[in-house]
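Enquirer: Residue numbers for the sequence shown follow this note's numbering, beginning at 1066 and rising by one.
Yeah, the Cβ is synthetic: ideal placement off N, Cα and C, and Gly gets one too.
Here's a structure for you.
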Amino acid sequence: MPEYPDAAYFTIAPDWICEVLSPSTRRLDVNEKRDLYAREGVGHLWFVDPDARTLEACTLRERQWLLLATLADDAPVSFPPFDAITFPLDALWPEVIASGGHEDDGV
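Take a look at the structure:
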């Protein structure tokens, strides 16, 4: 964003949006919002599902979403616009963060 706006809203679309899916908002997030983000030119869209412990990474091509990958478990995550780094998907789940390791480690 070139400069911080002096308004209650932004008029510039972000490069990336991450939707954390929940049972109550899933339909809105993966349908209406996905279409809205494409129309507004958001470049990258991730769907994180804490219940299924998955991540879907999409990129926008000619106003259509292209699914790059669906990841699960401890798969390495490295997708645009953050492809300069890699982290394990299971680092997103609270019990893994709290234990300092994998859920199955018995730690």
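Here's a check: name, in chain order, each residue in its chain whose Cβ is nearer than 6 Å to the Cβ of V1095, leaving out the five neighbours to either side.
Expert: There are no such residues.
Enquirer: Measuring straight from C-alpha to C-alpha, what distance separates D1100 and L1125?
Expert: Cα to Cα, the separation comes out at about 11 Å.
Enquirer: Express the C-alpha separation of Y1102 and L1136 in angstroms, rounding to a whole number.
Expert: When rounded, the distance between both Cα atoms is 22 Å.
Enquirer: Among the candidates V1085, D1148 and L1093, whose CA atom is the shortest distance from the CA of W1111?
Expert: Closest by alpha carbon: V1085.
Enquirer: When you compare the CB positions of P1141 and P1159, do they come within less than 9 Å of one another, or not?
Expert: No, they are not a contact pair.
Enquirer: For V1172 and R1118, I'd like the C-alpha separation in whole angstroms.
Expert: Low confidence applies here, because V1172 scores a pLDDT of 39, under 50, leaving its location unreliable; read the following figure in that light. Answer to the nearest angstrom: the Cα atoms are 20 Å apart.
Enquirer: Which whole-angstrom value describes the C-beta separation of P1146 and G1106, a residue pair presumed to lie in contact below a C-beta threshold of 8 Å?
Expert: That pair is no contact at about 14 Å.
Enquirer: Going by DSSP, what residue range makes up the alpha helix (DSSP H) through L1101?
Expert: It spans R1099 to E1105 - the alpha helix (DSSP H) in which L1101 sits, taken as one unbroken run.
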